[in-house]
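Since the structure comes first, as structure tokens, the remarks are kept for the end.
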Amino acid sequence: MKSDQSPRLPRLSAQIILIFCLFVPILVSSFADPPESISGVRIPGEVASGISQCAQSLLDALGKDQQAKIHFVATPGSKGSEALSNWTYFPGERPGLKLNEMNTQERVLAQRLVRSALSDTGQLKWNAIVALEDVLGMMSAAANRSGKPDPSRDPGLYTFAIFGEPGADGPWGWRVEGHHICIKFLLDGDQVLSSTPAFLGAAPTVPLMGPNTGTELLDEEEDLAVTLMRALTSKQKEIAIQKSALPRDVVTGPGHPGAPDAVGIRLDQLDPSQKIMLDALIDSHLAILNSSIEVAEKSRITDANLDEIHFAWWGPLEKEMRHAYRIQGPTFVVELVRTAGNPGHVHIVRRDPDRDLDGSPLLQHLQQAHGE
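Going by the working numbering, the first residue of the sequence shown is number 1, and it counts up by one from there.
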């Protein structure tokens, strides 16, 4: 099990944490029929109860008007719970309670909920991406004749929502979402029914101003992929590098939950050292999760047919230029697209076609259970 600590993110200053606590506040295949029952990945009971306790503590600390915004009491899958499956990574309004609608103590409790389900690495990435909204605000102000920042570039706009009753019998979930972030979980007892779609993005990947100028974000997920590509032989690269057009963005974005056609080089076409590199790349995308959830989700990947895992690349190998890659196995899809070169704009999404909270058999099953 690798450490939760990223080799580069520790350079982030403590000001990022203070920003959150003190200020921030297509190619889709059809789904199979949903099975009679769907089980999730099992995690230790104390981890599951810790997540539900953090969610309940946040609910208990809020006033009635705030609770009405954040708490969707309908059981996931029933009428009134649609906000759990709707998602986007663009700026804008979404259902729930914004950070700028919370006081400092409430933001601390919201941060604890995030921390309960994420690793230290995930926590740092979350804080860094949120802090980028201030950078984008400063950049927009510098480009605006009035000198005023774009009001959509506001770290206080990240929005929390809780679905169902935390810790009660039956499924319940929570999510936090905003520009370049979608983190959501659906749990039932000590099972994580879903931890996808999960989205992280950064623009610029290397901030040009602000307290973290020069600190590279989401770099490991790119560096490991470039290292793997450069380790391939010429014949292997012919298989891995796709001749189709470079994707402008992730193809499994909002409303596109199914698995694309698997393309690229298969794991069984790699030598042992290359397999280790691909495994490390997969781990880098799970590393944001609480270690218990990470282990459980990795087991779901390794328990499937590993030889069916494909790795595909589009575009040049230089990080400063637009490129994309996709890792795909029987139980998951991961995409990274650098939509702009230097200073960098990166989108990353992780999907589970069977258990995704976006039109998957899991949601179909939950809806059928409620007669929807």
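For glycine and all other residues, C-beta sits at the position ideal for the given N, C-alpha and C.
This structure is a prediction, so every number in the text was calculated from the model and none was measured.
- Assignment of beta-bridge partners to Arg350 by DSSP yields Ala198, Val334.
- Under the three-state reduction of DSSP, Trp126 is assigned to helix.
- Runs of the alpha helix (DSSP H) spanning 4 or more residues and lying entirely within the stretch 99-181 occur at 104-117, 120-143, in chain order.
- For Thr227, the three-state secondary structure derived from DSSP is helix.
- Rounded to whole angstroms, the separation of the alpha carbons of Ile276 and Ser291 is 20 Å.
- In the three-state scheme derived from DSSP, where H, G and I count as helix and E and B as strand, Gln53 is classed as helix.
- The alpha carbon of Ala161 has as its nearest neighbour, out of Arg322, Phe311, Leu59, the alpha carbon of Leu59.
- The stretch 331-347 makes no contact with the stretch 226-243: fewer than 3 CB pairs, one atom from each, lie closer than 8 Å.
- Cβ contact annotation for Leu217 (same chain, cutoff 6 Å, sequence separation greater than five): Ala128, Ala202, Thr205, in chain order.
- Looking at Gln269, His345, Leu186, the one whose alpha-carbon comes closest to that of His323 is His345.
- One alpha carbon belongs to His285, the other to Ile239, and they sit about 23 Å apart.
- Your pair Gly156 and Leu99 checks out as a contact, with CB atoms roughly 5 Å apart and the cut at 8 Å.
- For Arg300, the enclosing alpha helix (DSSP H) starts and ends at 291-302.
- Across the set Arg153, Leu62, Gly147, the C-alpha of Arg153 shows the shortest separation from the C-alpha of Glu93.
- Per DSSP, His285 lies in no beta strand (DSSP E) segment; the continuous alpha helix (DSSP H) that holds it begins and ends at 272-286.
- For the pair Phe185 and Gly167, the CB atoms are not nearer than the 7 Å cut-off.
- Less than 7 Å separates the beta-carbon of Phe72 from that of Ala83.
- In the displayed model, Gly359 falls within coil according to three-state DSSP, outside both helix and strand.
- When DSSP states are grouped into helix, strand and coil, Ala340 belongs to the strand group.
- Residue nearest to Ile309 within the set Asp261, Leu317, Ala296, Glu318 is Asp261 (criterion: CA-CA distance).
- When the Cα atoms are used, Ala74 and Val114 turn out to be separated by approximately 22 Å.
- Per DSSP, Ile70 lies in no beta strand (DSSP E) segment; the continuous alpha helix (DSSP H) that holds it begins and ends at 64-70.
- Here Asp65 is exposed, its C-beta having fewer than 16 other C-beta atoms within 10 Å.
- With 16 or more other Cβ atoms inside 10 Å of its own Cβ, Glu133 counts as buried.
- A direct Cα-Cα distance of roughly 40 Å separates Ile241 from Pro76.
- In this structure Pro207 is buried. Its beta-carbon is surrounded by 16 or more other beta-carbon atoms within 10 angstroms.
- By the beta-carbon neighbour count (other beta carbons within 10 angstroms, threshold 16), Asn212 is buried.
- Its chain contains Gln105, Glu106, Leu109 as the residues whose beta carbon lies nearer than 8 Å to that of Ala61, once the 5 sequence neighbours on both sides are disregarded; these appear in chain order.
- Comparing alpha-carbon positions, the option among Ser49, Val176, Lys69, Leu317 lying closest to Asp169 turns out to be Ser49.
- Close CB contacts of Arg300 within its chain, under the 6 Å cut and outside five residues either way in sequence, are with Val41, Thr331 (chain order).
- In this chain, the beta strand (DSSP E) harbouring Ile327 covers 323-329.
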